[in-house]
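Worksheet: the structure to be examined is printed underneath.
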Amino acid sequence: MKEYVLSLDQGTTSSRAIVFNKAGEIVSVGQYPYDQIYPQSGWVEHDPEVIWETERMAAEEAVKKAGVPISAIGITNQRETTIIWDKKTGKPIYNAIVWQCRRTAAICDMLSAKGFGEIITEKTGLMIDAYFSGTKIKWILDHVPGSYERAKNGELLFGTVETWLIWKLTGGKAHVTDYSNASRTMLFNIHTLDWDEELCEMLDIPMCMLPKPVGNSELYGVVAEGIPGLESLAGVPVCGSAGDQQAALFGQGCFEIGSAKNTYGTGCFTLMNVGEKPVRSHSGLVTTVAWSIGGKTTYALEGSVFNGGSTIQWLRDGLGIINSAPEVNPLAESVPDSGGVILVPAFTGLGAPHWDMYARGALLGITRGTTKAHIARAALEGIAYQVTDMINAMRSDADCDIAVLHVDGGASVSNLMMQIQSDLLRIPVERPKVVETTAFGAAALAGLYAGVWESLDEIAAAHESERTFYPERPAADAEKDYNQWKRAVGRACGWIEK
Ligand code: ADP
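Numbering of the sequence shown is given in the numbering used here, commencing with residue 14 and proceeding in unit increments.
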């Protein structure tokens, strides 16, 4: 019987591997952190060989600890991070340029100035930004001598991190990218599910270096013989892959139109399943492929809040009113409300749906009665208000409601914040038992192909709820506070002078 799946979760700061059983439980974990490379201000790189080596070691550790037969391997990864390597030698020609890296901002300005914004959004669902892989590929080809010619001659291969890992695992046999990762390159047409010639020309990218776009739950290849430490995995199918956010949406069981998840990490990442047709956002959200299984493609709207858990870090490190993040909860719970205080955590501007880079944080409504407990409570509320703004934008863009918000991430352990979130959104907020939703999503995609799970229903059954929060406050009270929040956002917007 097929029962165990290995999930490789290649993140920005560490490479992890988790073995899941059919019940969706964690059997074992391997994890190796690795170094960030900062060549200059605003630039971020990783060593692709280190990405592979740490992921290989994590897999070895997880498989050894589990001591069970692995039926399938799934991959999830930091998205947009760009690697180019030599097809023959397998050696990268430059470090991986990481999603956070801003070095290609000038290329983006050039694309905007040439008026490419509309065509890029229409075809890719994205807006022009240095996050996405396209301009990073161009930068490497522009800066590594001779690489443009070599790419044109078919000597070089491009890949995002899942492409690189699949290529390494299959001993160079499979050069593929899954649709969810391809959606983040700014070169991929999300309507036709293929690379776009016009966009590649726009950035001078030879199409022969691009991987083959593939579905999220299908056979990419099998693990090659003789990979040190992974000998026991030789022949195991590599058959599931999705970028981290899409994998979390899948792992949270958001299979229906209008189902959504929010990850409360340093920032917050929200994705909402919008069904089989891409929805164009009018609020500055991104449209992306969530997954494609058996030829059926599901799309999502995606948005992020810049400052989520980082607001709690600021209470700790900036204000010094708590010693550790978990202390925010008892402090905030020690008062029945924020006493009229509103904290707008626009420390680095505001993202969707406000999009104001000139906004800055604001603390409003302070009186002589204000205490640190009120500020702690206002911080939790400020995070929940921002998520509410974004989800309301999604509700309106997709013209459909959300039945339940599924949550994960380090700050989702705050019961008070989850209750506030449910009161604001007027829907249940569900926190799962296994919080490793990203890794589980990749395992589920692979296990679905390999027959560990027979259907989406079976996967949903493996997803157990730990606690669900239901709206408790009267709707009118919550709405009154939300209107107050909107007024506060108005004060924070445009704060620094252009
Ligand atoms: P990331 O993946 O972005 O590093 P995590 O998902 O690990 O983030 O979440 C870390 C965030 O969770 C931190 O910003 C921290 O402030 C917050 N956090 C951690 N523990 C708690 C807690 N008990 N209550 C509220 N927030 C918490």
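All C-beta atoms, glycine included, are put in the ideal place defined by N, C-alpha and C.
In terms of residue numbering, what span does the alpha helix (DSSP H) encompassing residue i cover?
i, result
"TRP415", "In the sequence under discussion, the amino acid at residue 415 is Ile, which differs from the Trp named in the question. Neither: ILE415 is in no alpha helix (DSSP H) and is coded neither H nor E."
"LYS493", "488 to 505"
"LYS309", "Looking at the DSSP string, LYS309 is not in any alpha helix (DSSP H); the run it does join, the beta strand (DSSP E), is 309 to 318."
"TRP65", "61 to 79"
"GLU162", "160 to 165"
"PHE10", "A question about residue 10 goes unanswered here, because the residues of the chain that appear run from 14 up to 511."
"GLN49", "Careful: GLN49 lies outside any alpha helix (DSSP H) and carries neither H nor E."
"TRP152", "146 to 156"
"ASP350", "Note, ASP350: premise wrong, no alpha helix (DSSP H); not H, not E."
"GLN432", "428 to 438"
"LEU525", "This structure leaves residue 525 out entirely; the chain is present only between 14 and 511."
"GLN326", "322 to 327"
"GLY470", "Note that residue 470 is Asp in the sequence shown here, rather than Gly. Start and end: 469 to 474."
"ALA118", "118 to 126"
"THR8", "What the structure shows of the chain is the stretch from 14 to 511, and residue 8 is not part of that stretch, so it cannot be assessed."
"GLY130", "130 to 137"
What residues are listed by DSSP as bridge partners for residue i?
i, result
"PHE13", "Residue coverage of the chain in this structure runs from 14 to 511, which leaves residue 13 outside it and unanswerable."
"GLN91", "Note: GLN91 sits in no beta bridge, so no partner."
"ASN275", "THR283 and VAL420"
"PRO250", "VAL235"
"ILE96", "GLY172"
"LEU461", "Bridge partners of LEU461: none, in fact."
"LEU243", "Note: LEU243 sits in no beta bridge, so no partner."
"GLN44", "ARG29"
"ASN34", "TYR17"
"PRO105", "TRP98"
"ILE355", "LEU377"
"ALA85", "VAL18"
"GLY288", "TYR312"
"ILE39", "PHE33"
"GLU58", "ILE50 and ILE110"
Since residue i and residue j are thought to touch, with beta carbons under 8 angstroms apart, how far apart are those beta carbons, to the nearest angstrom?
i, j, result
"ALA260", "THR95", "The pair is not a contact, with the Cβ atoms about 19 angstroms apart (cut-off 8 angstroms)."
"LYS165", "PRO219", "5 angstroms"
"GLY352", "GLY382", "6 angstroms"
"THR148", "LEU216", "7 angstroms"
"VAL9", "SER272", "Residue numbering for the chain in the displayed model covers 14 to 511; residue 9 lies beyond these limits and cannot be assessed."
"LEU243", "GLU73", "6 angstroms"
"GLY266", "ILE472", "7 angstroms"
"ALA303", "SER193", "7 angstroms"
"ILE388", "ILE404", "Rounded, the Cβ-Cβ distance is 25 angstroms, inconsistent with contact."
"LEU212", "ILE133", "7 angstroms"
"GLU168", "LYS100", "6 angstroms"
"SER146", "ASN229", "Not confirmed; about 18 angstroms, so no contact."
"LEU21", "PHE263", "Not really, about 15 angstroms apart at Cβ, beyond 8 angstroms."
"GLY1", "ALA424", "Absent from the model: residue 1. The displayed extent of the chain is 14 to 511, so no value can be given."
"TYR371", "ILE509", "5 angstroms"
"VAL348", "ALA386", "4 angstroms"
"ALA345", "LEU393", "5 angstroms"
"ALA141", "SER125", "The sequence as given places Ile at residue 141; Ala does not occur at that position. So it is a contact: roughly 5 angstroms between Cβ atoms."
"ASN275", "VAL420", "5 angstroms"
Tell me which residue opens and which closes the beta strand (DSSP E) that residue i is part of.
i, result
"TYR371", "Careful: TYR371 lies outside any beta strand (DSSP E) and carries neither H nor E."
"ILE304", "For clarity, residue 304 is Trp in the given sequence; the question names Ile instead. It spans 299 to 306 - the beta strand (DSSP E) in which TRP304 sits, taken as one unbroken run."
"ASP22", "17 to 23"
"GLU443", "442 to 445"
Handout entry: Minimum length 4: unbroken alpha helix (DSSP H) runs contained in the segment 185 to 230
Key = The qualifying runs are 192 to 195 and 210 to 215.
Exercise for the section: Specify whether the segment 93 to 107 and the segment 278 to 286 touch according to this definition: at least 3 beta carbon pairs, one from each stretch, less than 8 angstroms apart. Expected result: Result no; under three Cβ-Cβ pairs closer than 8 angstroms.
Handout entry: Three or more C-beta pairs below 8 angstroms linking the segment 486 to 497 and the segment 49 to 67
Key = Using a C-beta cut-off of 8 angstroms, the segment 486 to 497 makes no contact with the segment 49 to 67, since fewer than three inter-stretch Cβ pairs fall below that distance.
Problem - the segment 306 to 320 in contact with the segment 401 to 421 per 3-pair CB rule at 8 angstroms - result: With the cut-off at 8 angstroms, the segment 306 to 320 and the segment 401 to 421 touch.
Practice task
Please determine if the segment 78 to 96 and the segment 116 to 124 are in contact, where contact requires at least 3 C-beta pairs separated by less than 8 angstroms.
Solution key: Per the Cβ contact rule, the segment 78 to 96 is not in contact with the segment 116 to 124 (fewer than 3 Cβ pairs under 8 angstroms).
Handout entry: Contact between the segment 214 to 228 and the segment 181 to 192 (3+ Cβ pairs under 8 angstroms)
Key = Contact between the segment 214 to 228 and the segment 181 to 192 is present, because at least three Cβ pairs lie under 8 angstroms.
Exercise for the section: Taking 8 angstroms as the threshold, find out whether the segment 475 to 484 comes into contact with the segment 433 to 447 through three or more Cβ pairs. Expected result: By the Cβ rule, the segment 475 to 484 counts as touching the segment 433 to 447, because three or more pairs are nearer than 8 angstroms.
Exercise for the section: Evaluate the contact criterion for the segment 235 to 253 versus the segment 81 to 93: three or more CB pairs, one atom per stretch, below 8 angstroms. Expected result: With a cut-off of 8 angstroms, the segment 81 to 93 and the segment 235 to 253 count as touching, because enough Cβ pairs lie within range.
Handout entry: Validate contact between the segment 466 to 473 and the segment 21 to 31 using beta carbons, cut 8 angstroms, 3 pairs
Key = Because the criterion of three Cβ pairs below 8 angstroms is not met, the segment 466 to 473 and the segment 21 to 31 do not touch.
Problem - Any 3 or more C-beta pairs closer than 8 angstroms across the segment 200 to 209 and the segment 121 to 129 - result: No, the segment 200 to 209 is not in contact with the segment 121 to 129.
Exercise for the section: Decide yes or no for the touch test of the segment 355 to 363 against the segment 497 to 505: beta carbon pairs closer than 8 angstroms, at least 3 of them. Expected result: The segment 355 to 363, when compared against the segment 497 to 505, does touch it at the 8 angstroms Cβ threshold.
Problem - Meets three-Cβ-pair contact criterion under 8 angstroms: the segment 361 to 370 and the segment 398 to 407 - result: Result yes; three or more Cβ-Cβ pairs closer than 8 angstroms.
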